[in-house]
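Please read the structure below before turning to the comments.
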Amino acid sequence: MAPTIMSKAYGDGKRRKPLKETSEALEERLWEWIQKAEALNELTDLYSPEDVYNMDETRLCYAMAPARSICTKTARGVKKKKTRITLTLTAYADGSDTLPALFFEFLPPNTTAFLQPMDGGIIAAFKRAYRGKQLRWAYEKVKRGEELKKDVYTVDQLQAMQWSKEIWLELRAERDKEDTSYGTDVDLEDIII
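Counted from 1, the sequence shown has number 8 at position 9 by numbering that gives the first Met the number 0; the numbering is strictly sequential.
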């Protein structure tokens, strides 16, 4: 029998977005994947650790204002800007810096939150750091008294890409210092940007 996935309301009283699939259909897909996981482990055992990679993609709405304001007084809302770039975050097991031929194993749809190591905190930590950098940047613009003709949070794509690289390297350094992998087994020793 497949493990049970909570499909009723959570006991903490918080509202959550409904899943795209019914819990039953999702549970069935997860169970099928769990059954395939052993075969995947056998497959990865055929390769040395420097040849095993994990990659996940995420979108970054780089010009969007943070969800929470830094204002102490009531202020008008800012329209959300949806201009985005797609980032792929890649980690590999042993820290080597070579890219041999790659083998991809695709996860079933709508299961990445349960099965994808990058979703185990790495992407969230990255986006949290990005928003922090964007917020500090906007604060400095206001503090300097720059004339703001547009949204204070507007960032051009080049700046977003530079920040992304800086943040990724900071996450690596933080991981090395604290010896943590943000709640996952993913090794952030070397990351491709």
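No residue lacks a Cβ here, since even glycine has one placed at the ideal position from N, Cα and C. All of these numbers come straight from a predicted model, not from anything done at the bench.
Helix, strand or coil at residue i [DSSP, three-state]
i: Y152; result: coil
i: N40; result: helix
i: P52; result: One detail in the question is off: residue 52 reads as Tyr in this sequence, not Pro. Looking at Y52 - three-state DSSP - the assignment turns out to be strand.
i: L168; result: helix
i: L59; result: strand
i: K35; result: helix
i: K80; result: coil
i: A66; result: coil
i: L147; result: coil
i: E173; result: helix
i: A100; result: Bear in mind that a pLDDT of 45 at A100, under 50, signals an unreliable position, so the number given afterwards is only what the model happens to contain. A100 falls in the coil class under three-state DSSP.
Whole-Å CB distance - residue i paired with residue j, under 8 angstroms assumed
i: L170; j: A128; result: 7 angstroms
i: K80; j: D150; result: 7 angstroms
i: I84; j: Y61; result: 6 angstroms
i: N53; j: A90; result: 5 angstroms
i: F113; j: L29; result: 6 angstroms
i: R206; j: P65; result: The question about residue 206 has no answer, for the chain in this structure spans 0 to 192.
i: L59; j: K126; result: 7 angstroms
i: D55; j: L88; result: 6 angstroms
i: L86; j: T43; result: Incorrect: roughly 24 angstroms between the Cβ atoms, too far for contact.
Run of the alpha helix (DSSP H) containing residue i, from where it starts to where it stops
i: Y46; result: Counting along the chain, Y46 falls outside any alpha helix (DSSP H), and DSSP gives it neither H nor E.
Residue i, enclosing beta strand (DSSP E) - first and last residue
i: Y91; result: I84 to Y91
| query | Fully enclosed by the stretch 120-144, which alpha helix (DSSP H) runs are 4 residues long or longer? | reply | If we require 4 residues or more, the alpha helix (DSSP H) runs fully inside the stretch 120-144 come out as 121-142.
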